[in-house]
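Participant:
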Amino acid sequence: MKDISLWHAVARNQRRRPTLDGALDVDLVIVGGGFSGLSTALHAAGKGLSVAVLEAEVVAWGATGRNAGFVVPNFAKKDPDDIVAQLGAERGERLINLACGSGDLVFELVRRHAIDCAADQSGWIQPAPTAQAFAKVQARARQWAARGRPAVILDRDAVKALTGAEGYAGGWMDRSGGVINPVEYARGLADAAEAQGARIFENTRVEGIGREADGYRLTTGSGSIRAGKVFVATNAYGGDLFPQLARTYFPLRVFQLATKPLPASVRRRLLPGNQCVSDTRRNLFTFRFDAANRLITGGMHIFSPGAERRVPRAIHRRLAEKLDLPEIPPIEYAWSGMAAVAPDFLPHLVELGPGMIAGFACNARGIAMTTVMGGVVADWAAGADPDSLPIPYAAPGSIPFHALLKHAPNALLPWSMLQDRLDESRAA
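Residue numbering for the sequence shown is 622 to 1049, as defined by the numbering used here.
Okay, here's the thing in structure tokens:
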């Protein structure tokens, strides 16, 4: 078993960028070389802005290179009607409309810039294990369909035919979702942004930020950048530099693993249309295949002695249980990463100062939402009124008892597993 992200291991685009050496002056500097930073760089450079990206490690080092490669064009815990109730009709529908186009934008950028990232807009499926859960996802699908999305309700037989998994009461599919290799997608965005004139620097950690009369100066180990505006695109990986930002989200570590390639006979039964799947359980069950027929799944991390070994094994055993595998294929890769989860499970833009904002949008929907966030931030950088932006924009808040949140998964995972068992036993 290799303790490395599958996506970094198999990526063919291995291009590296220089370290910043000297001084630059730009319209917009972006801290973080993940999806949101690179999408912003691409969109802002396309508007004619001078742009620089500062990445402390390498492009796609953080959550961008550690996820499962699911493109999911909706929200983790909120349906459209919930968002309208929370934000009001005008602001709510603006955000919903943004999400509606997020999956299509990912695959359009792949086509437009010829990004070689094993992209397949095959759809995202959400099966429901009980009749009660199925009723909820039917309502969810109807709400998205009413807004023009390709949302399809699936009965029990359709879920089995599409996924190969038994035991589900039904589900739904958004046909605009799909799968990618996230590292190759991110590096393709970086190539495209540079082709538009953006400059990207790797191994360039920001060590300080100071206010100047006409913007900000960011200092690094071997250089500095003066910028009119700053976008902080570190998501869950920027807490040391921006402690006020770290208190606005729930940091969640997630494990992922990839098996060795499955035999063709098993592969034909599971996900013959190459969709990705994440069900409605609290202890979420997810799976997809990569281009080499490795089976990929994930689960929540717990903080306890030996967890780095025990959690992947438990997730691995779950594959055989849920997918009726006659033999569990060995684990080839196992890795983990941090997600930034907002208390309301929505994307947010946070004002850190005049002309400086941060964005976080993971919430288990990172690829689609961070990509579309890039266009929104580019509009802001070009002078759009923050109140006109479709993503909620405000000063940083603070989650009560934030310091204790790192211990939450130790209680949340057992509770989630218990509630899932109770739900399914009642349904049976």
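For each residue, glycine too, the CB sits at the ideal point set by N, CA and C.
1. Would you kindly report the start and end of the unbroken beta strand (DSSP E) that includes V680?
2. Tell me the DSSP secondary structure of A786 in three-state form.
3. Just tell me which of L659, A644 and G785 has its CA closest to the CA of F908.
4. Excluding the 5 residues preceding and the 5 following Q877 in the sequence, name in chain order all residues of the same chain whose CB lies nearer than 6 Å to its CB.
5. Which class does P1017 belong to by DSSP, given the choice of helix, strand or coil?
6. In angstroms with no decimal places, state the Cα-to-Cα distance between W1001 and T661.
7. Indicate whether at least one CB of chain C lies closer than 7 Å to the CB of L719.
8. Suppose you measure from the CA of V780 to the CA of Q747; what does that come to, to the nearest Å?
9. Measuring straight from C-alpha to C-alpha, what distance separates N914 and K881?
10. Apply the 10 Å Cβ neighbour rule to Q896 and answer buried if 16 or more other Cβ atoms are within range, or exposed otherwise.
11. Distance check for S743 and R890, CA to CA, integer angstroms please.
12. Given this structure, state the Cα-to-Cα distance separating L788 from A760, to the nearest angstrom.
13. Look at the Cβ atom of G792, then the Cβ atom of L775, and state whether they are nearer than 7 Å.
14. Report yes if the C-beta distance between F1057 and R939 is below 7 Å; otherwise report no.
15. By DSSP, does I651 sit in helix, in strand, or in coil?
16. Can you have a look at G836 and say buried or exposed, based on whether 16 or more other CB atoms are within 10 angstroms of its CB?
17. Taking only the alpha-carbon atoms, compute the straight-line gap between V804 and I717 and give it to the nearest angstrom.
18. Could you tell me the boundaries of the beta strand (DSSP E) in which G792 lies?
19. What does a CB cutoff of less than 8 Å around L946 pick up in its chain, not counting 5 residues either side in sequence?
20. Runs of 4 residues minimum, wholly inside the region 748 to 783: which ones carry the alpha helix (DSSP H) assignment?
21. Between the region 692 to 701 and the region 671 to 683, can you find at least three pairs of beta-carbon atoms closer than 8 Å?
22. Smallest Cα separation from G987: which of V680, A677 and T685?
Facilitator: According to the structure data:
1. That residue, V680, is in no beta strand (DSSP E); it is neither H nor E in DSSP.
2. Assigned with DSSP and collapsed to three states, A786 falls in coil, not helix or strand.
3. Of L659, A644 and G785, the residue nearest in Cα terms is G785.
4. Counting only Cβ-Cβ distances below 6 Å, and skipping sequence neighbours, we find A689, G919 and W956.
5. It is coil, neither helix nor strand.
6. When rounded, the separation of the alpha-carbon atoms in W1001 and T661 is 10 Å.
7. The displayed structure is made up of one protein chain only, and chain C is not part of it.
8. Distance between the alpha carbons of V780 and Q747 is about 9 Å.
9. Distance from the CA atom of N914 to the CA atom of K881, rounded to whole angstroms, is 8 Å.
10. Of the residues assessed, Q896 falls on the buried side of the cut-off, its CB having 16 or more other CB atoms within 10 angstroms.
11. Roughly 16 Å between the two C-alpha positions.
12. Note on residue identity: the sequence assigns Gly, not Leu, to residue 788. The straight-line gap separating the alpha-carbon atoms of G788 and A760 is approximately 20 Å.
13. Closer than 7 Å, so yes.
14. Residue 1057 is absent from the structure shown; the chain starts at 622 and stops at 1049.
15. In the structure shown, I651 sits in a strand (DSSP, three-state: E or B).
16. G836 comes out buried.
17. Going from the Cα of V804 to the Cα of I717 covers about 27 Å.
18. If you look at G792, you'll find it in the beta strand (DSSP E) that goes G791 to D795.
19. Counting only Cβ-Cβ distances below 8 Å, and skipping sequence neighbours, we find V887 and L940.
20. The region 748 to 783 contains these whole alpha helix (DSSP H) runs: 752 to 766.
21. Look at the beta carbons and you see the region 671 to 683 not touching the region 692 to 701: under three pairs across the two are nearer than 8 Å.
22. Closest option to G987, Cα to Cα, is T685.
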